[in-house]
Amino acid sequence: WVVRQRLVDCIRFHQSLRQQRPTLQLAQLRAENMLAHFAQRWGRSDLEDAIVERGFATVEDFLATARSFYLYDKAHPDTEPLILQPTTADDPQTRPGL
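Numbering of the sequence shown is given in my numbering, commencing with residue 29 and proceeding in unit increments.
1. By a C-beta neighbour count over all protein chains shown, 10 Å radius and 16 as the cutoff for buried, is Ile-39 buried or exposed?
2. Per DSSP, what kind of secondary structure is Asp-74 in: helix, strand or coil?
3. Quick one: is Ala-94 near chain B, going by C-beta distance under 8 angstroms?
4. Taking its Cβ as the centre, do 16 or more other Cβ atoms sit within 10 Å of Ala-85, making it buried, or is it exposed?
5. Find the nearest neighbour of Glu-88 within the set Leu-63, Leu-99, Trp-70, judged by alpha-carbon distance.
6. Using the C-alpha atoms, what's the distance from Ala-59 back to Pro-120?
7. Hey, how far is the Cα of Gln-53 from the Cα of Phe-90?
8. Would you mind working out which of Arg-32, His-104, Val-30, Gln-33 sits nearest Arg-69, comparing C-alpha positions?
9. Apply the 10 Å Cβ neighbour rule to Thr-116 and answer buried if 16 or more other Cβ atoms are within range, or exposed otherwise.
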């Protein structure tokens with residue numbers, strides 16, 4: 029549920045942003061600023077490893093996806109980073125619904 033609500037919030041944020049700044053292009057966001065933001069956000073100096081651990085093949089793949097969330101994340105620093113873990117039926121910590 030938290031993931032779904034965060035995505036809805038992000039979509040609403042971008043809709044509002046587009047109304048306020050119709051000429052804004054996400055492709056123009058600077059990669060080095062995005063990478064610095066997420067390194068700090070995740071508390072990681074080994075950003076490439078952190079990106080791979082999150083399921084991205086390359087930094088470029090990550091940036092292509094992160095562009096849609098970067099501005100929302102910067103505007104909402106009080107939200108916890110979402111880290112999704114695979115669930116297993118044997119592990120009560122990751123069993124669905126917990």
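Idealized CB from N, CA, C, for every residue including glycine.
On the basis of the coordinates in this document:
1. For the purposes of this step, residue 39 is taken as the residue at position 11 of the sequence shown. Classification of Ile-39: exposed, given that the 10 Å Cβ count is below 16.
2. As a first step, residue 74 must be located in the sequence shown, where it is residue number 46. Assigned with DSSP and collapsed to three states, Asp-74 falls in coil, not helix or strand.
3. Chain labels in this structure do not include chain B; a single protein chain is all it has.
4. Indexing the sequence shown from 1 puts residue 85 at position 57. With fewer than 16 other Cβ atoms within 10 Å, it is exposed.
5. One-based indexing of the sequence shown puts residue 88 at position 60. Measuring from the Cα of Glu-88, the nearest candidate turns out to be Leu-63.
6. Start at 1 with the first residue of the sequence shown, and residue 120 comes out as number 92. Start at 1 with the first residue of the sequence shown, and residue 59 comes out as number 31. A caution first: Pro-120 carries a pLDDT of 47, below 50, which makes its placement in the model unreliable, though a value can still be read off. The straight-line gap from Cα to Cα measures roughly 39 angstroms.
7. As a first step, residue 53 is located in the sequence shown; it is residue number 25 there, counting from the start. As a first step, residue 90 is located in the sequence shown; it is residue number 62 there, counting from the start. Approximately 17 angstroms, taken between the alpha carbons.
8. Taking the sequence shown and counting its residues from 1, one reaches residue 69 at position 41. Distances from the CA of Arg-69 to each of Arg-32, His-104, Val-30, Gln-33 were compared; the closest alpha carbon is that of His-104.
9. Residue numbering aside, residue 116 sits at position 88 when the sequence shown is read from its first letter. In this predicted model, Thr-116 has a pLDDT of only 48, less than 50, meaning its place in the structure is not dependable; the value taken from the coordinates is given anyway. Around the CB of Thr-116, fewer than 16 other CB atoms lie within 10 Å, so the residue is classed as exposed.
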